[in-house]
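Below is one structure, written out as C-alpha cells, with a few remarks after it.
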Amino acid sequence: MPEIDGEGTITDDISDASLRALLPRLYRFALWLSKDPNAADDLVQASIERALKYQHTRRPEGDLRAWLFSILYRQFIDSKRHAKRYARLLEWFRKTDEAPSTERHVQARASLQAFEQLPEAQRTLLWLVSVDGLSYKAVADMFDVPLGTIMSRLSRARGALRDASDGESRPHLRILK
C-alpha cells in the first residue's frame, strides 16, 4: 500500500522481508540464465537495485514475484545484448557423470537434452511456468503480452518438447527441481 513519508511524498516501499523471501527463487532463475554463480549474484543484485530504484512504477495490484522476475529477465537480456554473445543456458546440467545410476536419472537427462534443443524463448517460458511455478497471468504480465498468447506459446513449446523427447507423452520437467 502506498504510504506518505515525512515530506509528503508518496512511497510504495517493497518490504525487506518480501525481498528476502524471493531471493532464493531469483537467484535460482539467475543461475539458470547465466550458468555462473558469480554472474547470478551480480544479476540478482542489479535486478534488486533496479526494482528499488523504480518501485514507484510497479502496479500495486501486480504480483511482486512476477515483477521482480520480469526485471531480472530483462536485465539478463540487456547484459546479453550488450555483450553480443549467445551463451548456452543449460550447460551446467551436463556436468553430471556419464553413467547414470537410476532410470530416473536417465529420464531427467533425456528431458534436459530435449529441453536444450528448444529455442530460447520456449525454454524460458517452460522454465517460468513448469519449474518456477509462475501463473500464466504472471508470465503474460512479465512479457507484456496477452494471456492467450502465453497459452498458445506454451502449448507450442510443450509440443516441441514432446517431439524432441521422441514422442514421450510427458517429459519429466519436474525432476529438475
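First residue of the sequence shown: 345, per our numbering; consecutive thereafter. From the three backbone atoms N, C-alpha and C, an ideal C-beta is built for every residue, glycine too.
In three-state DSSP terms, what is F492?
The residue you call residue 492 lines up with position 148 of the sequence shown. For clarity, residue 492 is Gly in the given sequence; the question names Phe instead. Looking at G492 - three-state DSSP - the assignment turns out to be helix.
Nearest-angstrom Cβ-Cβ length linking S509 and S474, presumed shorter than 8 Å
Numbered from its first residue, the sequence shown carries residue 509 at position 165. Numbered from its first residue, the sequence shown carries residue 474 at position 130. Not a contact, Cβ separation roughly 13 Å.
Rounded to the nearest angstrom, how far is the Cβ of L469 from that of R497, given a contact under 8 Å?
In the sequence shown, residue 469 corresponds to position 125, counting from 1. In the sequence shown, residue 497 corresponds to position 153, counting from 1. The pair is a contact, with the Cβ atoms about 6 Å apart (cut-off 8 Å).
Measure the CB-CB distance between W411 and R418 and report whether it falls below 8 Å.
Translated into the one-based positions of the sequence shown, residue 411 becomes position 67. Translated into the one-based positions of the sequence shown, residue 418 becomes position 74. No, the Cβ-Cβ distance between W411 and R418 is not below 8 Å.
From E447 to Q461, what distance separates their C-alpha atoms?
For the purposes of this step, residue 447 is identified with residue 103 of the sequence shown, where counting begins at 1. For the purposes of this step, residue 461 is identified with residue 117 of the sequence shown, where counting begins at 1. Near 22 Å, if we compare the C-alpha coordinates of Q461 and E447.
Cβ atoms of S378 and F420: under 8 Å apart, would you say?
In the sequence shown, the residue the question calls residue 420 occupies position 76. In the sequence shown, the residue the question calls residue 378 occupies position 34. Cβ atoms of F420 and S378: closer than 8 Å.
Is A365 closer than 8 Å to L375 when the C-beta atoms are compared?
Here residue 375 refers to the residue found at position 31 of the sequence shown. Here residue 365 refers to the residue found at position 21 of the sequence shown. No. Outside cutoff.
Cβ neighbours of A458 in the same chain (closer than 7 Å, five flanking residues each side left out)
As a working note, residue 458 is residue 114 in the sequence shown. Cβ contact annotation for A458 (same chain, cutoff 7 Å, sequence separation greater than five): L505, A508, S509 and P515, in chain order.
Given this structure, state the Cα-to-Cα distance separating R394 from V483, to the nearest angstrom.
By one-based count along the sequence shown, residue 394 stands at place 50. By one-based count along the sequence shown, residue 483 stands at place 139. Cα to Cα, the separation comes out at about 19 Å.
Exposed unless 16 or more other CB atoms sit within 10 angstroms - verdict on R502
Position 158 of the sequence shown holds residue 502. Answer is buried; the Cβ neighbour count reaches 16.
Over what stretch of residues does the alpha helix (DSSP H) that includes E460 continue unbroken?
Here residue 460 refers to the residue found at position 116 of the sequence shown. Looking at the DSSP string, the run of the alpha helix (DSSP H) that includes E460 is E447 to Q461.
Cβ-based neighbour list, Q466, same chain, cut-off 8 Å, excluding 5 preceding and 5 following
To locate residue 466, count along the sequence shown from 1; it is residue 122. Excluding sequence neighbours, Q466 sits near R497, R500, A501, A504 and L505.
How about L408 and V388: are their beta carbons less than 8 Å apart?
As a first step, residue 408 is located in the sequence shown; it is residue number 64 there, counting from the start. As a first step, residue 388 is located in the sequence shown; it is residue number 44 there, counting from the start. In this structure, V388 does not lie closer than 8 Å to L408 by Cβ.
Alpha helix (DSSP H) containing S391: first to last residue?
On the sequence shown, position 47 is the one that residue 391 refers to. Here the alpha helix (DSSP H) through S391 covers P381 to K397.
Mapping the DSSP letters down to three states, classify E464 as helix, strand or coil.
The residue labelled residue 464 in the question sits at position 120 within the sequence shown. E464 falls in the helix class under three-state DSSP.
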